[in-house]
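First to last, the protein sequences are chains A and B. All you need for the numbering used here is the position in the first sequence, starting with 1, plus 41. All you need for the numbering used here is the position in the second sequence, starting with 1, plus 10. Positions of the beta carbon are idealized from the N, C-alpha and C atoms, including for glycine. Keep in mind it's a predicted model, so treat the numbers as computed, not measured. Okay, so here's the structure we're looking at.
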Amino acid sequence: MPDGAPKVLDVRNLNTVFRTRTGEVHAVNRVSFDLEKGELLGVVGESGSGKSVTMMSLIRLIPSPPAEIRSGQVLFDGMDLLEVDDDTLRDIRGARIGFVFQDPMTSLNPVFTVGFQLREPLMRHMGMNRREADRRAAELLELVGIPDAARRLRDYPHQFSGGMRQRVMIAIALACDPEVLIADEPTTALDVTIQAQILELVRELRQKLGMAIIWITHDLGVIAGIADRVMVMYGGQVVEEAPVRALFKEPRHPYTRALLETIPHVRGKRAERLEVIEGQPPILGAAPTACPFRDRCAAAVEICGRENPALREVGARHRVACHLSDTGAGSGAAPEPEGAHV
Amino acid sequence: MFDLTTKARTLIRVRGLKMYFPIHAGIFRRHVGDVKAVDDVSFDIYEGETLGLVGESGCGKSTCGRAILRLYDITAGSIQIDGQEIGDLPQAKLRSLRPAMQMVFQDPQASLNPRLTVEGIIGEPLLEHTSMSRAERKARVHELMDAVGLNRSFSDRYPHEFSGGQRQRIGIARALALNPKFIVCDEPIAALDVSIQAQVVNLLEDLQKKFGLTYLFISHDLSMVRHIADRVAVMYLGKVVELAPEEALYSDPLHPYTRALLSAVPEPDPDLTIEDRIILKGDVPSPANPPAGCNFCTRCPAVMDICKREDPEFREVLPGRFVACHRYNEPDENENETAA
């Protein structure tokens, strides 16, 4: 990725809170990041880490109530998406910012044909008439590798397999040639051989179309294969952000390191025993005043319970939120680069 | 770790297992066909080992696990547990054998009764199958909670008060209650977060050592199966296509499907480029209407004419290595293949 490419999205200090009967849940805390033109930003985290809520917040697709975006700025093409009126936002969603969700069955409407659902954004956002939209819809299905595209426009979502449905979702998201594509666990519901097909397709499409992509996943293997840059989330905040190679080869946050050590591999040496991160992820009842990872962190010291560390620069485009990041403490425990790969 | 060099005793012997689910259609609900979820599967599980059973969704791996425990009335085949044939036993007679064979389910939320406390859940098998007094049951429940790493003081709590990983521990404690020999673990970690998965897998390994358990570990996660299993069976569309010791299967897969499956697993290493990554075309055919010949012939990158006509036999091609593929049927071709 060329350094200093223009930013297409700039998120600053985003905070999202859910109001529930039993109190508030602070799902997203002080999240700031940017997205450069044409890059693929991987967002990694476990369930409840705030990765999906962050992305849904920034285009205000989050149901409110119970959610409330407390503060922040989302700059896109000179506008703050958190401030713009609903009409402007509607023109942006689905046209300039596209989405792909995890489960293609629940995000496609079962009572309309795939053709109808593909034409909808084209007619709504691009002002095409029915015939133009039809032609473009067939092109799109062909682009995502669905055979016999023109005929399949008349089929309903249930007539497609899981992998084909996810291709349809991608085609809909790409319909209006978006500048940004947000994909939320797009391959998680798919089998591994179908996932490989979709990853291959995304690699191809990026070369052809050149949009910026935010790819949310819990699968570090998928991230290693497609991302340019990675952002690791834990307890509603960004704990580490780095170019993909630096993240996997020189992880600086204890959580990132532990996560990389805990996953077994299908190639290379087999571990006798899996490394474990003891304990549970936190439940965020209040805005965090301490490091969210401190209870599970092997390197935690006194200050970690007192102060929530801010993200700071530790290398080229490498940011870490850890009190120990500049002292280099615990860095002796950094995992050896995987050697014996076959 | 299980030692394959010593002559292992066979605990579970499965031969020609078939589990078909009938399809009925029309106003008379006529029997028009079958979903062949498990279609002629044979393998052994040795005492004290973990046999991994992998495959993609719909390949029949869960049905196979349930059928072995006779949670279904099977269509055909023989299942022996510790020498006793249970394939054709009526459900009433199976009851007395249930304590020896237990199951851990995928979804710890759905498999735990929300109205029972942890003590009630773990104690239920004891209530059903033993004549323990209340105090004895309580003591046993506490013992089991210790074994799976749950705090005893939580025994009065309900499942919803626990996290996913803890719920799975409750399910494991329940499976252990009657001192089983054999446990079918059906995707026990699929619903858990990455950092919790390792905790549960380590627990299963510890319990296996401590109690001498035999596992059938069903999963779609090839890297986790590699870690936990001694031998691995790969299923595709109702059939076992390959079965081999873990190391051999992962370092030198024989069946074209196993190769494609392994090469599709993304590795968490950005420097690793897999040069000969095999991307399979198309989708898995329907098990109600499998193709003629080999089930994999519609997607196989190495398909031959014979594959479209004849179903390959599942046979031992190298010591301990079984594969169902026509490419391994000529002995001299065999040599080239393993070298490739």
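query: Contact list for the region 215–236 of chain A against chain B, Cβ threshold 8 Å; result: Asp232, Val233, Thr234, Ile235, Gln236
query: Rounded C-alpha distance that separates Arg137/A from Thr129/A; result: 11 Å
query: Within the region 48–110 of chain A, ranges of the beta strand (DSSP E) (whole runs, at least 3 residues); result: 48–61, 64–77, 81–85
query: Exposed unless 16 or more other CB atoms sit within 10 angstroms - verdict on Thr268/B; result: buried
query: Cβ contact check for the region 182–202 of chain B and the region 297–304 of chain A: 3 or more pairs under 8 Å; result: no
query: Under the three-state DSSP convention, the category Val333/B falls into; result: strand
query: Inter-stretch contact (C-beta, 8 Å, three-pair minimum) for the region 189–203 of chain A and the region 148–160 of chain A; result: yes
query: Residue from Gly326/A, Val85/A, Arg134/A whose Cα sits closest to the Cα of Glu220/A; result: Arg134/A
query: Members of the region 249–266 of chain B near chain A, C-beta cut-off 7 Å; result: Tyr260, Ser261
query: Residue-level contact to chain A via CB, Gln209/B, 7 Å cutoff; result: yes
query: Residue from Ser141/B, Asp231/B, Leu154/B, Ala183/B whose Cα sits closest to the Cα of Pro276/B; result: Asp231/B
query: Residue span of the beta strand (DSSP E) that contains Val279/A, given as start and end; result: 278–284
query: Min CB distance His170/B to chain A below 7 Å; result: no
query: Exposed unless 16 or more other CB atoms sit within 10 angstroms - verdict on Pro107/A; result: exposed
query: Opposing strand residues paired with Pro255/B [DSSP bridges]; result: Arg241/B
query: Rounded distance between the beta-carbons of Ala230/A and Gln143/A, thought under 8 Å; result: 6 Å
query: Proximity test, Cβ basis, 7 Å: Val152/A and chain B; result: no
query: Three or more C-beta pairs below 8 Å linking the region 212–231 of chain B and the region 251–260 of chain B; result: no
query: At least 3 beta-carbon pairs within less than 8 Å: the region 162–175 of chain B vs the region 118–130 of chain B; result: yes
query: Cβ neighbours of Gly97/B in the same chain (closer than 7 Å, five flanking residues each side left out); result: Ile84, Gly87, Ser88, Ile89
query: Phe192/B (DSSP reduced to helix, strand or coil); result: strand
query: Segment contact, 8 Å Cβ cut-off, at least three pairs: the region 277–297 of chain B with the region 233–250 of chain A; result: yes
query: Length of the line joining the Cα atoms of Val85/A and Glu281/A; result: 10 Å
query: Helix, strand or coil at Leu61/B [DSSP, three-state]; result: strand
query: Length of the line joining the Cα atoms of Gly175/B and Glu180/A; result: 46 Å
query: Where the beta strand (DSSP E) containing Tyr30/B begins and where it ends; result: 20–35
query: Range covered by the alpha helix (DSSP H) that runs through Gln200/A; result: Where Gln200/A is concerned, there is no enclosing alpha helix (DSSP H), given that its DSSP letter is neither H nor E.
query: Distance between Gly356/A and Cys363/A (C-alpha atoms, nearest Å); result: 14 Å
query: Residue(s) in a DSSP beta bridge with Lys46/B; result: Tyr30/B
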